[in-house]
Amino acid sequence: MKIFLRWIIAIAILAAIFGGIFGYKFLVQMQGGGFGGGPRPANISATEVAAEQWRGQRTAVGSLSAVDQVAVSTEVAGIIKSINFTSGERVAAGDTLIELDNDVDQSELEGLNAQAELARIEFERAQNLLAESAISQSQFDEARARLDSATAAVRTQQARLRQKTIRAPFDGVLGIRDLSVGEFLAPGTNVVELRRLSPIYADFTLPERFTPDISRGQSVEVRTSAYDDVFTGTIAVIDTGITEDTRSISIRATLENANERLRPGMFARVTVLEPTSRDVLTIPRTAINFNTYGDFVLRINETEQGLVSERVQISTGEVRDGRVEVESGLEQGDRIVATGTVKVRPGQPVTIDETVSLDPAEVSGR
């Protein structure tokens, strides 16, 4: 009796297991359209492979630098007598920035002027005496030498006095002041930063293989993290040599920067534009998937049973504004799955949902 009950229990358990398996398969088949009906169509949005003209370009990263930039410093030692600028002030070449105390130097100049005047009087007297043969030629030469020496001493002291006045070497905008009246400055002490902000340079590098594609006067576009705007300029200088450790060439472009929004030291994303355009096929970036064989898309084919997806391996090129260049694998006008690819399998029927729209930037490339 116990053996019989065990058999009954075992049969019931097996029946429950197999019943669950067959029931699940039946449910899946019914959800897919019944026996023999295949999987249910996936609801997707579609787009076509578009033909566009892209202007050739090379991209790089770099930084902005001032056309003229200097740390204004003092040539001589001295105590600050007056500060004639404020932080961030715009100055012109020759404007006085700082005056050092020059009382002692001024007094020395007055003494040297007196000596020079005496030497001049003695020289004129010597000229008259020489004309009357009252002195020798050597005595006259000594008088002239004393005059020349005194005059040179005056000029030297005048130059030393000029060094006590620190002036702006060129037009520009000053940085932050960090000095006070009465402070002692040693020779070579930095006084303030001075920069000319317009125009401004964009310095960057490109791999050496692109050297034949670049030339002076070529247009560039510069983008920064600070602004959404695109700033335009032209290549001004191409270095004469290649950097050996990186195998790259240094390039400098000039940007107008009339409103002075761009500042030296800013990070720059530079695009070098080639003079000609080329025909390309493009698709939205969202349509591309990846497997062990590389990039692929799901192409939509029309069959007797309706629209069916097909996996197609593609080769891709440049990426611009949400669109990707297709080098091989697709033709113009091919329809592909634009979104919803994760729920579509190759060979599965699809239904195009016209109510789903992509970001215009992804579709148009603008």
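In the working numbering, the protein residues as written are 1260 to 1625. Cβ coordinates follow ideal geometry from the N, Cα and C atoms, glycine included.
Whole angstroms are fine: how far does the CA of residue j sit from the CA of residue i?
i	j	result
residue 1339	residue 1425	10 Å
residue 1606	residue 1569	6 Å
residue 1565	residue 1608	7 Å
residue 1561	residue 1551	27 Å
residue 1461	residue 1450	27 Å
residue 1612	residue 1587	27 Å
residue 1510	residue 1531	10 Å
residue 1300	residue 1579	32 Å
residue 1385	residue 1394	7 Å
residue 1472	residue 1577	17 Å
residue 1478	residue 1489	13 Å
residue 1559	residue 1582	19 Å
residue 1452	residue 1368	32 Å
residue 1371	residue 1357	26 Å
residue 1610	residue 1601	15 Å
residue 1304	residue 1594	10 Å
residue 1491	residue 1502	26 Å
residue 1314	residue 1592	22 Å
residue 1359	residue 1421	10 Å
residue 1361	residue 1413	15 Å
residue 1355	residue 1344	8 Å
residue 1202	residue 1346	Given that the chain is displayed from residue 1260 to residue 1625, the structure contains no residue 1202 and the question cannot be resolved.
Kindly give me the distance between the Cβ atoms of residue i and residue j, rounded to whole angstroms, as I take these residues to be in contact under 8 Å.
i	j	result
residue 1481	residue 1514	6 Å
residue 1312	residue 1536	4 Å
residue 1598	residue 1584	The pair is not a contact, with the Cβ atoms about 20 Å apart (cut-off 8 Å).
residue 1464	residue 1319	6 Å
residue 1526	residue 1324	Not confirmed; about 12 Å, so no contact.
residue 1348	residue 1433	5 Å
residue 1487	residue 1419	With a Cβ gap of about 53 Å, residue 1487 and residue 1419 do not count as contacting.
residue 1378	residue 1409	4 Å
residue 1333	residue 1448	5 Å
Could you give the first and the last residue of the continuous alpha helix (DSSP H) run that contains residue i?
i	result
residue 1626	The shown model of the chain, from 1260 to 1625, leaves out residue 1626, and the question about it has no answer.
residue 1403	1396-1421
Among the candidates the options, whose CA atom is the shortest distance from the CA of residue i?
i	options	result
residue 1548	1532, 1501 and 1604	1604
residue 1302	1343, 1414, 1404 and 1567	1567
residue 1307	1596, 1600 and 1349	1596
residue 1328	1427, 1503 and 1474	1427
residue 1444	1557, 1341 and 1336	1336
residue 1505	1467, 1483, 1351 and 1346	1467
residue 1382	1345, 1357 and 1402	1402
residue 1519	1431, 1357, 1378 and 1373	1431
residue 1406	1352, 1417 and 1380	1380
residue 1309	1541, 1362 and 1423	1541
residue 1351	1399, 1528 and 1454	1454
residue 1476	1533, 1447 and 1420	1533
residue 1523	1487, 1553 and 1483	1483
residue 1342	1364, 1441 and 1361	1441
residue 1326	1521, 1563, 1346 and 1353	1521
Determine the extent of the beta strand (DSSP E) in which residue i is found, giving its start and end residues.
i	result
residue 1300	Run containing residue 1300: none; DSSP gives neither H nor E here.
residue 1543	1526-1543
residue 1557	1553-1562
residue 1436	No beta strand (DSSP E) holds residue 1436; DSSP gives it neither H nor E.
residue 1357	1355-1359
residue 1522	Unbroken run through residue 1522: none, as it is neither H nor E.
residue 1497	1490-1502
residue 1462	1449-1466
residue 1321	1309-1332
Compare the C-beta of residue i against all C-beta atoms of chain D and say whether one is closer than 7 Å.
i	result
residue 1442	Looking for chain D here will not work: only one protein chain is present.
For the region 1505-1524 against the region 1455-1475, are there 3 or more C-beta pairs whose distance is under 8 Å?
-> As far as the Cβ criterion goes, the region 1505-1524 touches the region 1455-1475, which means the pair count is three or higher.
State whether the region 1488-1498 contacts the region 1429-1444, with contact taken as three or more CB pairs (one from each stretch) at a distance under 8 Å.
-> In the pairwise beta carbon analysis, the region 1488-1498 is classified as not touching the region 1429-1444: fewer than three pairs are separated by under 8 Å.
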